[in-house]
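Scroll down for the structure; my scribbles are underneath it.
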Amino acid sequence: MNMNRTGPIGRTAVFLIACGIFASLAAAQTYDVVIQNGHVLDPRNGIDAVMDVAIENGVIAAVETEIAASLGETVVDASGLYVTPGLVDLHTHVFFGTEPDAAYSNGYNALPPDGFTFRAGVTTVVDLGDAGWRNFSQFKEQVIDRSRTRVLAFLNIVGSGMKGGPIEQNLADMDPKLTAMRAAEFPEVVVGIKVAHYQGEEWDPVDRAVEAGRIADLPVAVDFGGHIPPLSLEELFMTHLRSGDILTHAFANVSGRIAIVDDAGTLRPFVPRARERGIVFDVGHGAGSFRFNQAVPAMQQGFAPDTISTDLHRASMNAGMKDMLNVMSKFLNLGMPLPDVIEASTWRPARTIKRDDIGHLSVGAEADLTVLRVREGTFGFVDVAGGKLLGSQKLECELTMRAGEVVWDLNGISRAAWNVSP
Ligand SMILES: [Zn+2]
Numbered sequence: 033m034n035m036n037r038t039g040p041i042g043r044t045a046v047f048l049i050a051c052g053i054f055a056s057l058a059a060a061q062t063y064d065v066v067i068q069n070g071h072v073l074d075p076r077n078g079i080d081a082v083m084d085v086a087i088e089n090g091v092i093a094a095v096e097t098e099i100a101a102s103l104g105e106t107v108v109d110a111s112g113l114y115v116t117p118g119l120v121d122l123h124t125h126v127f128f129g130t131e132p133d134a135a136y137s138n139g140y141n142a143l144p145p146d147g148f149t150f151r152a153g154v155t156t157v158v159d160l161g162d163a164g165w166r167n168f169s170q171f172k173e174q175v176i177d178r179s180r181t182r183v184l185a186f187l188n189i190v191g192s193g194m195k196g197g198p199i200e201q202n203l204a205d206m207d208p209k210l211t212a213m214r215a216a217e218f219p220e221v222v223v224g225i226k227v228a229h230y231q232g233e234e235w236d237p238v239d240r241a242v243e244a245g246r247i248a249d250l251p252v253a254v255d256f257g258g259h260i261p262p263l264s265l266e267e268l269f270m271t272h273l274r275s276g277d278i279l280t281h282a283f284a285n286v287s288g289r290i291a292i293v294d295d296a297g298t299l300r301p302f303v304p305r306a307r308e309r310g311i312v313f314d315v316g317h318g319a320g321s322f323r324f325n326q327a328v329p330a331m332q333q334g335f336a337p338d339t340i341s342t343d344l345h346r347a348s349m350n351a352g353m354k355d356m357l358n359v360m361s362k363f364l365n366l367g368m369p370l371p372d373v374i375e376a377s378t379w380r381p382a383r384t385i386k387r388d389d390i391g392h393l394s395v396g397a398e399a400d401l402t403v404l405r406v407r408e409g410t411f412g413f414v415d416v417a418g419g420k421l422l423g424s425q426k427l428e429c430e431l432t433m434r435a436g437e438v439v440w441d442l443n444g445i446s447r448a449a450w451n452v453s454p
């Protein structure tokens, strides 16, 4: 059989036709993905309107009132849905590992991020102090460099990190200089300093964390809660912390820490004053740190959180916390407008950690975004004491993109039907 039956001229013609087809396809499909008809909420850029979003080469290429479907290789119809920046969860524990008795620092209490992030619209997690200067390199090698989720970190002021027990009570292992040195080694991923769990009567752990933050020019996050009798929360805000430092577990009501709402249900007057001074109030829900008897009166008195976060770990994920969208839904049902809920879960946490490159949909930004549905119905939300609040709205994640890749697609809205050829 003659394989060259068509001859050289015939093969050239076929080649030219093929080139023509590819050329016209390339001209038509300017973008990798076009998301149409979604209600875009992008607080940093002041966008709260139905817009189309185009993505090309992993970055946001256009946000316009109309981008033709023919310009997208993949087209997503987001009618009736919200398109927001990828969520930034400011308080998580993701230094998972198998070291015995290591708690959240290469231990069993921390979780691998990718299993819990994309399905809840989260594209960036901030690990809040699992590693200290001694074991940060292991955390980076083991988790940060291997996760599709963007993982940023606060270094624990304790050099050995959040290993629990006496290790976290060891003042001799809290070195501001060495902590700041390690932070300076990894400026692309270390975004703050954490102090937590100290039970003594001294202010030294807080002051050393602030000193490390001062040297490294990074914010400090405080989990204030183990002091019996409690140290003064007002003194923490007004004397020890700086503008831009963070109180996490803002709506906790635990022995060992003064609550922001007193027993009569009144927001303590120094709390709004602390906010005026620049203290950031973060939710950090967790398994023991979010009570409706704090959040409901605080919201009624006009005190919404600055940043919404989960305190994701093994004990919180199957209890009242569940995931980022469940925590956001609680505030939506407590009267926080959806654009404010989105801002507290995207641009505000990004700004808090001085990462202006994330938490928004500006043209040129890495394309981290999420497509959300607001479900209407009757939903129950539970706090850490087991108290239930009924609500009428619940956020659900339809689609998550990380750096332009679809990493979660609940109902296949980015896919063609199975019997249509790709
Ligand atoms: Zn935590």
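Take the position in the sequence shown, starting the count at 1, then add 32; the result is the number in my numbering.
Ideal Cβ positions, reconstructed from N, Cα and C, are used throughout, including at glycine.
The model shown is predicted, which means the values in this text are computed figures rather than measured ones.
Supposed close pair residue i, residue j - CB separation, criterion 8 Å
i    : j    : result
T378 : H392 : 7 Å
G191 : R166 : 4 Å
I340 : V373 : 7 Å
H71  : T342 : Not quite, the Cβ-Cβ distance comes to about 24 Å (not below 8 Å), so this is no contact.
V154 : D121 : 5 Å
V238 : V227 : 6 Å
R240 : M206 : 5 Å
V158 : A185 : 7 Å
D338 : D314 : 7 Å
V303 : F335 : 7 Å
Residue i: first and last residue of the uninterrupted beta strand (DSSP E) it sits in
i    : result
T149 : No beta strand (DSSP E) holds T149; DSSP gives it neither H nor E.
R274 : Premise fails: R274 is in no beta strand (DSSP E) and is neither H nor E.
D441 : 437-441
F413 : 401-414
G245 : Taken as a continuous stretch (DSSP letters only), G245 belongs to no beta strand (DSSP E), being part of the alpha helix (DSSP H) at 236-248.
L184 : 182-188
Q68  : 63-74
T280 : Unbroken run through T280: none, as it is neither H nor E.
T384 : Per DSSP, T384 belongs to no beta strand (DSSP E); it is in the alpha helix (DSSP H), 379-384.
A253 : 252-255
K20  : Absent from the model: residue 20. The displayed extent of the chain is 33 to 454, so no value can be given.
A204 : Neither: A204 is in no beta strand (DSSP E) and is coded neither H nor E.
K226 : 222-228
E105 : 104-109
Residue i, buried or exposed, once every other Cβ within 10 Å from all chains shown has been counted against 16
i    : result
D450 : The amino acid at residue 450 is misidentified as Asp; the sequence shows Trp. Exposed, since its Cβ has fewer than 16 Cβ neighbours within 10 Å.
Q68  : buried
A163 : buried
G42  : Unreliable positioning characterises G42 in this predicted model, as indicated by a pLDDT of 45, which lies under 50. The coordinate reading is nonetheless provided below. Classification of G42: exposed, given that the 10 Å Cβ count is below 16.
L442 : exposed
S56  : Per-residue confidence for S56 stands at a pLDDT of 45, beneath the threshold of 50, marking its modelled position as unreliable; the derived number appears in the next sentence. Per the 10 Å Cβ criterion, exposed.
V95  : buried
N138 : buried
I176 : buried
A81  : exposed
I260 : exposed
R305 : exposed
L427 : buried
G367 : exposed
L268 : buried
P219 : exposed
A101 : exposed
P301 : exposed
I53  : In this prediction, I53 scores a pLDDT of 45, lower than 50, which makes its location untrustworthy; the coordinate-derived value is nonetheless stated afterwards. I53 should be labelled exposed.
D98  : For the record, residue 98 in the displayed sequence is Glu; it is not Asp. The residue is exposed, with fewer than 16 neighbouring Cβ atoms inside 10 Å.
S361 : buried
E234 : exposed
A216 : exposed
Delimiting residues of the alpha helix (DSSP H) encompassing residue i
i    : result
S361 : 356-365
L370 : 370-375
K209 : 208-217
A306 : 302-309
A296 : Where A296 is concerned, there is no enclosing alpha helix (DSSP H), given that its DSSP letter is neither H nor E.
V328 : 324-332
Pair within 8 Å by beta-carbon distance, residue i and residue j
i    : j    : result
V286 : G232 : no
A435 : A382 : no
G258 : T280 : no
G297 : A253 : no
I290 : P251 : no
D146 : S169 : no
S424 : E408 : yes
V395 : I92  : yes
L203 : D236 : yes
I390 : T156 : yes
T432 : G112 : no
A142 : H345 : yes
F283 : R323 : yes
Residues sharing a beta bridge with residue i, DSSP
i    : result
R434 : E437
I87  : V65, I92
P117 : L401
K420 : V414
D80  : L73
G197 : DSSP lists no partner for G197.
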